[in-house]
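Structure first, commentary second.
Residue numbers (the numbering used here), protein chains in the order written: chain R, 11 to 948; chain C, 465 to 1009.
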């Protein structure tokens, strides 16, 4: 196999990046600058001081614990808008914004309540000033209380708080994937050929409790020619339904330029922390017309240095009122933390975190014999993951972290459908050559069974150095990531005599069973350096820089010591300048990369069965079929990383302690995204005479060698290639307005305008290519150059948040208004638009534009079809969702939610307009009850 | 004085300005229960202020029982907020805290039912309600209800088949169905000197689905509503106020034949209903979008122990019906009503008794127009008037109390289908009497017993069913026959409260209602035989401060 070795390009940002990395000393020093944030922590109900509360500066590792007088003190706090986070078991987490000057002391008292709803100013939406840990780039931070207020069933529901993400009904209805910074595509505009989500989900990294969740080894697909539709995320991002919202503590969405710590992404990263440590045990129950969900979660500290947390979640959604289709989820987590050695400022000397996650997602569509006999489907996706992290604190912010995990999935897809086919010749031959076939056809039940066992081994070693150099506070991270992914499943199995999918007459080929454990593993390695610097100028202005470089390597063997198949060097730089404490200006640029999925690197062989003899008699013993099997390997040895060059500019203005406006402009250019690239070729089809061409003999005829004639049949091979470029650009706006005190209501605006341009560098063949294959008198057919697609969407979310702390009430109404949404294809549609023609032997012959009008090309002059070149818009429309949370006795909590609360239908049936059909109203109640009083000793 | 005597006094006497409460307008809550019986239990007055009241509509509920006196429940309150539905008055009328959690189960069954009533309904309800002052000048009230209905033999395709609107549809198969309802409502009022401002909001959602039925029927409905109001203390104990209210209603129903066949009668008025045979691949879809605007004025006063208040409200309702699944801009059928509502109540203490006199009335006209017609083809003029007199013995130091209520309701409906040239004109009168007694048992438990009787009488004219076609006889004839047949309703209820600790009490209640034509065996054509009954059991926990 030829090796595609990369030509590593060095963009200008790399030079700057390397400069910073080079000059940064790797010597730890004490924190010497920054302000001191101090204050007193009191109980919101009794005003009693609270001892032992953990106070953190969000996005940093700065923290303190309140003393016996409730006083805390955090030194070295970076200037600018910051968020204080206070936590203590038995109390709801508190997040409090504060503007920090470059130096001096800021006093910020904190009030903590047993129930967050009774605390004034709780943050129940994404916080525009929140900082992702260790990240300078644009991030959206969603805290614990915002997660509770969102009444989501899974991670996808929480992510609706991110600008530009459409609202969806809560539940487990269908596959859920996130689309960070994406707009609609024009017709057919998916980068992976429609096999598993769209571009955005393809390139969004999900990190769960410090470990990247990968879907690369997911092979649950029937391939590009699958006849039986099955829901699958193969080739795309993970199904977010597997992560229950009720177990999540915090979500950070890095939509800007991430630090080099994060790789295998194009569109952003989502960092998810589940609840761990000493957590008050609680029970959550959701009641919905379609969904029931229950969660039991609790955590305990013991022996002074250890804590264990466990949680169990079960949810079930009835998918349709018309049938018994259901989707269910079981999820369980077990976390253990242990501290060893002497305590330092940042915790214990050595901290060991172990997590065990189990999940199972099942979508069951049982047979309805009277409605659709023979049709049923059951899709199961389950997994177990064991992750361990050891953190060695070395004083200050210096630490060494080792993370390792093993993730084993078990995926099972069973699809059965009733098929009616004409009788057709058929063979189950697995090697190339000619053989006598048999006939399949009539009415039968076709079954496809896909059994996958994806595995992932993951490891990360990271050293963090913290200190100061020439007046710059700096934090340097150096690390490496190793990942190995494979699939040991039994694979795609079916009864070859009752094939679930066939294409007659050898033009499309049909499948053979395939074992997944025969697919090679893919091993990747990455090394990164990340430096973060900050310096105070002129007493008040602060300059912060985050720069780094990451090298991702995909090996051509199955282990990390084999050669390199592809590699991408990814420099990243983000700079932030805060001339005053209420203003932040930020710019970032950098490169990220995403590896192809296992199924794209090693696609299934494509079988083609050329029919040489087709003698179909009424009497089955007389039937006679001869077929020649040809096996084509669609593997593309040059398939490599998708590269994303990202840039953004951002402005953040803090209007007050709890109000801010941020504006971000971004531009993401993806190059070489993976999509199907159909390659043409031809078979030789031999025709034979039969020795007896009469019926009624009671036995089949025999063919007469040699072949009486032969012709060629062109074919198209479905092959993955780095053939799609995607440009995404847009502007995001978040305005977090101050509370209007007389009505205790705060408004929040979130807007996003996003535009996509997708270029597909693959020829387009005639939409009736099958006719060309079968009709041998046709000598050629036109083909066209790849088309471009464009889509854009402008969306504005307006949230009104009304709080009544005295009665523990929070009401949040969200209006999502799609202001503009449209799409079109960009391609010539006239009859001279053809690029050339394909001959019967599969050769592509290009015709120069100047010659296309000549008479000899008259048969090629036809307008391409299936293009949407006139921009078509979806009508502007809005929908409203409502969430109400209220305290209950015994520190419980009741939440009501109504998605599309006015049950707006959208715009349907308007001539010339793309319809917009809103999902139906979904409503329900969620009750959370703490169980601490029921647990002895708490 | 024992503890339960104190409970009795609080429940029977503390709401000195209160007036025995029955709603001055029907609510969707009442209609969604989808039956004549099984609604009037306990403390309905606690939610009558919610803004989803359905004005300009007069549901046909012949033989409706009297609402429960419920002596072990808090005395019904009225006033500009509680029954005048003006949220601006909330802060003036609320100075205590109360919370109540209730679990209720109701079964309704029997053959004497309207044609679009279900054969049997089981309703499980979980509800929570609370109110409290917040600070010196603000008060809040709110609640949530979750209900799950099990319905056997559910012929109605729409949610409110017995209202004034002529647009209903009936599924002749009457399958079993399940309905989930969640309702949330609240109000906030603030007093600024002598002026009160307030707002109330409510939201209700329904989700319906048939069970094991070859023509699955799905339905959903939402009802958002809000009102704003202001009141002013003009001196001399007189309060005046005004409010504006809007409530929307969107309902969607769809039937998709999979393995079965059924007939749907689509009703437009008194003409022969459209008979749609639903067999695959035909489907039936209907969407209602309704909005109600109401403006009201209140005045009330408390003069030397005599408290009174009056409400005047003008309202307009517009209901659109669309049967196009594939287009949101398809022409729609319309139903409009305009009307007014009047309510008045007086309460005065006389010696050891408290007397309450209440009067109420509404009058409206309605007209329907089909999408493909230029003029109205169906018109209605409906009105209702009623009054009640209630006397309660105030317990003071005694350990018992009693109450008696006499109530009379009058309704008049003129409905004319100009296209079909058919009309009905019916008047009905329903006097009723309720008696309740409560006392202590064992020094801690308060128990009550109650009974009521209502006699429903009627006169007027309805179209001769024998001259009409099958659809009319299936859907309309039994409905009008019940409406035009005298009936008697009996109720019996018991209740108990048990104090757990200071301010916290457990409650239990049971009620049985029975409705039957009178005299038995009345033989109007298409009149259903038998009787109808409802039984309700409820447990609750309440807490007051």
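Think of the CB as a built atom: it goes at the ideal place given N, C-alpha and C, for glycine as much as any other residue.
Contact with chain C by residue i, beta-carbon distance below 8 Å
i              : result
residue 917(R) : yes
residue 901(R) : no
residue 818(R) : no
residue 931(R) : yes
residue 892(R) : yes
residue 210(R) : Because the pLDDT at residue 210(R) is just 42, under 50, the model does not fix this residue reliably, and the value given afterwards should be weighed accordingly. Cβ-Cβ to chain C under 8 Å: no for residue 210(R).
residue 889(R) : no
residue 908(R) : yes
residue 934(R) : yes
Coarse secondary structure for residue i, derived from DSSP in three states
i               : result
residue 160(R)  : helix
residue 348(R)  : strand
residue 510(C)  : helix
residue 930(C)  : helix
residue 638(R)  : strand
residue 1037(R) : As displayed, chain R neither begins before 11 nor continues past 948, which places residue 1037(R) out of reach and without an answer.
residue 901(R)  : helix
residue 787(R)  : coil
residue 511(R)  : coil
Cutoff 8 Å: residue i Cβ touching any chain R Cβ
i               : result
residue 492(C)  : Bear in mind that a pLDDT of 40 at residue 492(C), under 50, signals an unreliable position, so the number given afterwards is only what the model happens to contain. Residue 492(C) does not count as touching chain R.
residue 576(C)  : no
residue 722(C)  : yes
residue 551(C)  : no
residue 598(C)  : yes
residue 963(C)  : no
residue 1006(C) : no
residue 421(C)  : An answer regarding residue 421(C) cannot be provided, because it is not within the stretch 465 to 1009 covered by chain C.
residue 740(C)  : no
residue 495(C)  : With a pLDDT of only 43 at residue 495(C), under the threshold of 50, the placement of this residue in the model should not be trusted, and no figure is reported.
residue 745(C)  : no
Cβ neighbour criterion (16 or more within 10 Å) applied to residue i
i              : result
residue 622(C) : buried
residue 512(C) : buried
residue 461(R) : buried
residue 478(R) : buried
residue 37(R)  : The predicted position of residue 37(R) is uncertain, since its pLDDT is 34 and thus under 50; no value can be drawn from it.
residue 703(R) : exposed
residue 648(R) : exposed
residue 927(R) : exposed
Residue from the options whose Cα sits closest to the Cα of residue i
i              : options                        : result
residue 390(R) : 252(R), 905(R), 299(R)         : 252(R)
residue 894(R) : 796(C), 648(C), 534(C), 594(C) : 648(C)
residue 6(R)   : 854(R), 572(R), 842(R)         : With chain R represented from 11 up to 948, any question about residue 6(R) goes unanswered, as that position is not in the structure.
residue 136(R) : 669(R), 345(R), 471(R)         : 669(R)
Mind listing, in chain order, the continuous beta strand (DSSP E) runs of no fewer than 3 residues lying wholly within the segment 822-890 of chain R? 846-849, 854-856
Please list the segments of the beta strand (DSSP E) lying wholly inside the segment 652-684 of chain R, counting only runs of 3 or more residues, in order along the chain. 652-666
With a floor of 3 residues, list each beta strand (DSSP E) that falls wholly inside the segment 578-606 of chain R, ordered by position along the chain. 593-604
At which residue ranges does the segment 394-449 of chain R contain complete alpha helix (DSSP H) runs of 4 or more residues, listed in the order of the chain? none
Curious, which full-length beta strand (DSSP E) runs of at least 3 residues does the segment 689-714 of chain C contain? none
As an exercise, report each continuous beta strand (DSSP E) stretch of at least 3 residues that is fully enclosed by the segment 45-93 of chain R, in chain order. 45-53, 64-67, 73-75, 81-87
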